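Undergrad: Protein chains in written order, with this note's numbering: chain B, 1 to 246; chain F, 247 to 574.
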Amino acid sequence: MSQLWTITRREFAGYFSTPLAFVFIVVFLLANGLATFYLGAWFEMGQADLTSFFMFHPWLYLFFLPAISMRLWAEERRNGSIELLLTLPVPLSAIVLGKYFAALAFSALALALTFPVWISVNFLGDPDNGVILASYLGSLMLAGGYLAIGSCLSALTRNQVIAFVISVVACFLFTVSGAPLVLDIFRSWAPQVLTDTLASFSLLTHFRAITGGVIDFRDLVFFVTLIGVFLVATMIIVDMKKGEGA
Amino acid sequence: MIEVQHLVKKFGDFTAVNDLSFAVESGQVMGFLGPNGAGKSTTMKMITGFLRPTAGTARIAGIDICDNPLAAQTQLGYLPEGAPAWPDMTPRQFLDFITRIRGLDKSAARQAMIRAIGMTELHGVLDQPIDTLSKGYRRRVGLAQAIVHDPDVLVMDEPTDGLDPNQKFQVRQAIEEMAAHKAIIISTHILEEVDAICSHAMIIDRGEIVAEGTPSALAARSRFFGAVSLTLDTQLLERACKVLDGIDNSRYEVVTRGVETVISVFADTAQAPATDLLAHVRDLISQQEWPVRALALETGRLDDVFGTLTRKPRPLADTANVADGGGA
Ligand SMILES: Nc1ncnc2c1ncn2[C@@H]1O[C@H](COP(=O)(O)OP(=O)(O)OP(=O)(O)O)[C@@H](O)[C@H]1O
Ligand SMILES: [Mg+2]
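See below:
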C-alpha cells in the first residue's frame with residue numbers, strides 16, 4: 001500500500017517537473033471555454049446549467065487524455081528506467097495502478113480547475129447543482145476510462161507518438177460507437193439487440209446517462225469494469241514483454 | 247548467494263545466452279567479460295528479473311527469481327546498463343524514492359542515503375536534476391541507487407564506464423570494501439579492473455562461457471605465461487637479437503614502441519622451468535652489459551587470453567548474412 005502511494009506520488013510530481021503540465025492545463029481550460037461558449041452557444045441558450053459544458057468533454061478528452069497517457073509506459077521504455085522500475089521489489093500491480101492514479105489525479109486537477117464555470121452559472125441563475133455534481137463525476141469516470149485505454153496502449157510501444165495516435169483511435173472507437181449518428185446507421189439495418197450492445201459498450205452512452213443527472217449504478221459499474229479490464233491488460237502486456245525482450 | 251542454472255535466452259531465432267551456469271558466493275566478486283553482444287547484459291537482466299529466461303533460472307540467496315521475484319529482488323541491488331534513472335528527479339529525490347520503495351524506515355533511510363552518497367561522492371550535485379548531470383555523475387547516481395539498501399547481492403553492468411580515473415579508483419575501492427560480505431557480479435571491458443577487484447572472472451562469447459577461473463589462472467592461459475620480457479633501447483635491438491638467437495629451444499617476439507623495445511622470450515618446450523629461462527636471460531644481460539630498462543617473468547596477459555578466446559571466426563552463415571545485410 002505504501003509502495004503504491006510512493007509510486008503515485010513520484011509519478012504525479014513528474015507531471016510538474018516541466019512547464020508542460022501548466023501549458024497543458026491552460027490549453028485544456030481554454031479549449032473547454034471555447035467549446036462551451038462558441039460551439040455550445042452557452043449564452044444564447046439562456047439556460048442556467050452546464051449541459052453545453054459537459055457535452056464536449058468526450059470529444060475534448062479524446063485528444064487531451066491520450067496526451068497524458070502516452071508517456072506512462074512508452075517513456076519508461078525509451079529512457080531505460082523501466083529496467084529499474086521492474087527490478088525493484090514492487091508488485092507490478094502497484095506500478096500499473098500508481099501510474100494510473102497519478103494520471104487520473106492530474107486529469108482530475110485539470111477538471112477541477114474548471115470550477116469558475118460552476119461558480120458563474122450559480123451567479124447567473126439557479127442551476128441544479130446535483131446534476132452538475134453528477135456530471136463532474138461522470139466526466140471524471142470518462143477520463144478514467146480513456147486513461148486506462150491509453151495506459152494499456154502505451155505499454156505496447158516505446159514511441160510516445162505512436163502511443164498517442166493509437167490511443168486516440170481506440171478511444172474514438174469506444175466513444176463513437178454510442179454517437180447517435182453511428183447508431184442511426186446501424187439501426188437502419190441491424191437488429192435492435194446489436195445496436196443496443198454496441199451502444200452499451202460506448203463510453204458516450206454511459207457518460208450521457210450520468211450527465212443526465214441520474215447516477216445509475218450500472219453506469220458506474222460499466223466504467224469501473226472498463227478501467228479494470230484495461231489496467232489488467234496493461235499488466236499482462238508489461239509482463240509479456242518481459243518474456244519477449246522488454 | 248547467486249546461482250545461475252542453465253540460463254537460456256532467445257530473441258526469436260537468435261540465441262543471446264546459451265545454457266549458462268555459474269555460482270557466486272558471498273565474499274566473491276565475479277568479473278563478467280566478453281566482447282560486445284556476448285550476452286552479458288542479457289544475463290544480468292535475467293538474474294535481476296527484468297527479462298524472463300527462455301529456459302533455466304537464477305537463485306538469489308536461495309530464492310528463485312522466476313518463482314518469487316519480489317523476495318529475490320529485496321536481496322538485490324542492480325545497476326542496469328547505462329545507469330538509467332528518471333531524468334526529472336534530483337539525486338536526493340531519486341534516492342529518497344528508492345529507500346521508500348524498498349521499505350526502509352525514516353532513520354534507516356537517512357543513514358543509508360548518507361552512506362551511499364558518501365561512497366559515490368554525490369554531495370555536490372544532490373539537488374541538480376539528473377537530466378543535467380554529466381555522464382559520470384549519472385553513473386554514480388545509479389551506483390548509489392544500487393547500494394543504498396546495503397543488499398547482499400550486487401549486480402552491476404559496467405559500473406565504471408564513463409568515470410574519471412579518480413572515480414574509477416574510488417568505485418573500485420568501494421566495491422572492494424563491500425566485497426567481504428556480498429556476492430557481486432560486475433561486467434566490464436576494462437581488463438585491468440578484473441585484476442584489481444575481481445576474485446573470479448568469466449569470459450563469455452556468443453552466449454557461452456569460454457573461460458572461467460581466478461584472474462591469475464585465466465591470465466596464465468595466455469601464451470605469454472612464463473615468457474621473459476625485457477625492455478631495452480631500440481638501438482640495442484639488433485645486437486640483442488643476435489645473442490638471443492643463440493639460446494637453445496627458445497624463440498622471441500619483438501614489439502617496438504619508439505625508442506623502447508620489448509622482447510618477449512618464450513621457452514619452446516615445456517621442459518625447462520620458466521625460472522631457468524629467466525636466469526639464462528639475466529646471465530646474458532649481465533655478460534653483455536646491456537642497459538636493460540625492465541626485466542620480468544610474465545604472469546600471463548588477460549587481454550591476450552580474451553583475444554584468443556573470443557576472436558574465433560564466425561560460422562560461415564553469419565559471414566554471409568553480414569555481406570547480404572548491407573542493403574537491409
Ligand atoms: N530485446 C532484444 N531483442 C533482440 N535481440 C536482443 C535484445 N536484447 C539484446 N539482444 C541481442 O542479444 C545479444 C547480446 O546482447 P547483450 O546486450 O547482452 O550484450 P553485451 O554482452 O551486454 O554487450 P556489450 O558489451 O555491448 O554491452 C546482442 O546480439 C543483442 O543484439
Ligand atoms: Mg552490455
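For glycine and all other residues, C-beta sits at the position ideal for the given N, C-alpha and C.
Quick caveat, the model's predicted, so the values are computed rather than measured.
Are the CB atoms of isoleucine 309/F and alanine 429/F within a distance shorter than 8 angstroms?
TA: Result no, Cβ atoms of alanine 429/F and isoleucine 309/F do not sit closer than 8 angstroms.
Undergrad: Quick one: does alanine 466/F have its CB under 8 angstroms from some CB of chain B?
TA: No, because no Cβ of chain B sits closer than 8 angstroms to the Cβ of alanine 466/F.
Undergrad: Compare the C-beta of threonine 294/F with all C-beta atoms of chain B and state if any pair is closer than 8 angstroms.
TA: Judged by the 8 angstroms Cβ criterion, threonine 294/F is in contact with chain B.
Undergrad: Between Leu524/F, Thr460/F and Arg539/F, which lies nearest to leucine 437/F when the distance is taken from Cα to Cα?
TA: Among Leu524/F, Thr460/F and Arg539/F, the Cα nearest to that of leucine 437/F belongs to Thr460/F.
Undergrad: At least one CB of chain B closer than 8 angstroms to the CB of proline 333/F: is that the case?
TA: Closer than 8 angstroms: yes.
Undergrad: State the Cα-Cα distance for the pair proline 89/B and proline 326/F, rounded to the nearest angstrom.
TA: Proline 89/B and proline 326/F: Cα-Cα distance of roughly 15 angstroms.
Undergrad: Which one or two residues does DSSP pair with isoleucine 309/F in a beta bridge?
TA: Ile306/F, per the DSSP bridge assignment.
Undergrad: Going by the C-beta, is aspartate 313/F closer than 7 angstroms to any heavy atom of ligand 2?
TA: Flag unset: Cβ of aspartate 313/F not near ligand 2.
Undergrad: For tyrosine 324/F, go through chain B and note every residue whose CB falls closer than 7 angstroms to its CB, in chain order.
TA: Neighbours of tyrosine 324/F on chain B, chain order: Thr87.
Undergrad: Using a threshold of 7 angstroms, is the CB atom of glycine 302/F nearer than that to any non-hydrogen atom of ligand 1?
TA: No, the beta carbon of glycine 302/F sits no closer than 7 angstroms to any heavy atom of ligand 1.
Undergrad: Let's test the definition: count the other Cβ atoms within 10 Å of the Cβ of asparagine 412/F and tell me whether it reaches 16, buried, or not, exposed.
TA: Counting Cβ neighbours within 10 Å, asparagine 412/F comes out exposed, since fewer than 16 surround it.
Undergrad: By the 10 Å Cβ neighbour count, where 16 or more other Cβ atoms means buried, how is glycine 258/F classified, buried or exposed?
TA: So glycine 258/F counts as exposed.
Undergrad: From alanine 112/B to glutamate 439/F, what distance separates their C-alpha atoms?
TA: Near 57 angstroms, if we compare the C-alpha coordinates of glutamate 439/F and alanine 112/B.
Undergrad: Classify proline 91/B as buried or exposed, calling it buried when 16 or more other Cβ atoms lie within 10 Å of its own Cβ.
TA: Exposed.
Undergrad: I need the residues with a C-beta less than 7 angstroms from some heavy atom of ligand 4; please give them in chain order.
TA: Among the ligands modelled here, namely ligand 1 and ligand 2, ligand 4 does not occur.
Undergrad: Which partner residues of methionine 448/F appear in the DSSP bridge assignment?
TA: BP columns for methionine 448/F point to Phe278/F and Glu458/F.
Undergrad: Ligand 1 and glycine 178/B: does the residue's C-beta get closer than 7 angstroms to at least one heavy atom of that ligand?
TA: Every heavy atom of ligand 1 is 7 angstroms or more from the Cβ of glycine 178/B, so no.
Undergrad: Flag this pair as yes or no: are the beta carbons of leucine 548/F and threonine 434/F separated by less than 8 angstroms?
TA: Not a contact, by the Cβ cut-off of 8 angstroms.
Undergrad: Excluding the 5 residues preceding and the 5 following phenylalanine 16/B in the sequence, name in chain order all residues of the same chain whose CB lies nearer than 6 angstroms to its CB.
TA: Excluding sequence neighbours, phenylalanine 16/B sits near nothing in its chain.
Undergrad: Quick one: is threonine 197/B buried, meaning 16 or more other Cβ sit within 10 Å of its Cβ, or exposed?
TA: Flag for threonine 197/B reads exposed.
Undergrad: According to DSSP, is aspartate 564/F helix, strand or coil?
TA: Residue confidence for aspartate 564/F is low, a pLDDT of 48 falling below 50, so the modelled location carries little weight and cannot support an answer.
Undergrad: In chain F, which residues lie less than 8 angstroms from threonine 6/B when you measure between Cβ atoms?
TA: Chain F residues near threonine 6/B: Phe343, Arg346 and Ile347.
Undergrad: Is any heavy atom in ligand 1 found nearer than 7 angstroms to the beta carbon of alanine 284/F?
TA: Because some heavy atom of ligand 1 lies under 7 angstroms away, the Cβ of alanine 284/F counts as near it: yes.
Undergrad: Give every residue of the same chain whose Cβ lies closer than 8 angstroms to the Cβ of glutamine 319/F, excluding the five residues on either side of it in the sequence, and list them in chain order.
TA: Cβ neighbours of glutamine 319/F beyond the five flanking positions: Thr294, Gly295, Ile306 and Ile311.
Undergrad: So, for aspartate 564/F: in the same chain, excluding its five sequence neighbours on each side, which residues have a beta-carbon less than 7 angstroms away from its beta-carbon?
TA: Here aspartate 564/F scores only 48 on pLDDT, less than 50, and its place in the model should not be relied on; the value that follows carries that caveat. There are no such residues.
Undergrad: Short check: CB of serine 532/F to CB of serine 475/F, under 8 angstroms?
TA: Their beta carbons are not under 8 angstroms apart, which means serine 532/F does not touch serine 475/F by this criterion.
Undergrad: Taking only three categories from DSSP, how would you classify asparagine 264/F?
TA: Strand.
Undergrad: Under 8 angstroms between C-beta atoms, does threonine 507/F make it to chain B?
TA: No, threonine 507/F lies away from the interface with chain B (no Cβ there is under 8 angstroms from its Cβ).
Undergrad: Starting from the beta carbon of lysine 99/B, find every residue of chain F whose beta carbon is closer than 8 angstroms, and list them in chain order.
TA: Those within 8 angstroms of lysine 99/B in chain F number zero; the least Cβ separation is about 12 angstroms.
Undergrad: When DSSP labels each residue in this structure, what does arginine 503/F get in the three-state scheme?
TA: In this structure, arginine 503/F counts as strand in the three-state DSSP scheme.
Undergrad: For alanine 179/B versus tyrosine 61/B, is the C-beta distance shorter than 8 angstroms?
TA: Taking 8 angstroms as the Cβ cut-off, alanine 179/B and tyrosine 61/B do not qualify as a contacting pair.
Undergrad: Could you tell me the alpha carbon to alpha carbon distance between histidine 526/F and valine 489/F, rounded to whole angstroms?
TA: The alpha-carbon atoms of histidine 526/F and valine 489/F are separated by roughly 12 angstroms.
Undergrad: Does at least one heavy atom of ligand 1 sit under 7 angstroms from the Cβ of phenylalanine 101/B?
TA: Not so, every heavy atom of ligand 1 lies at least 7 angstroms from the Cβ.
Undergrad: Provide the residue(s) that pair with tyrosine 61/B in DSSP beta bridges, ordered along the chain.
TA: Its beta-bridge partners do not exist; DSSP assigns none.
Undergrad: Going along the chain, which residues of its own chain have a beta-carbon closer than 7 angstroms to the beta-carbon of phenylalanine 12/B, five neighbours each way excluded?
TA: Contacts found: Ala102, Ala105 and Phe106.
Undergrad: Return the chain-ordered list of same chain residues with a C-beta closer than 6 angstroms to the C-beta of leucine 372/F, the five sequence neighbours on each side being excluded.
TA: Excluding positions up to five away in sequence, the list reads Pro337 and Arg338.
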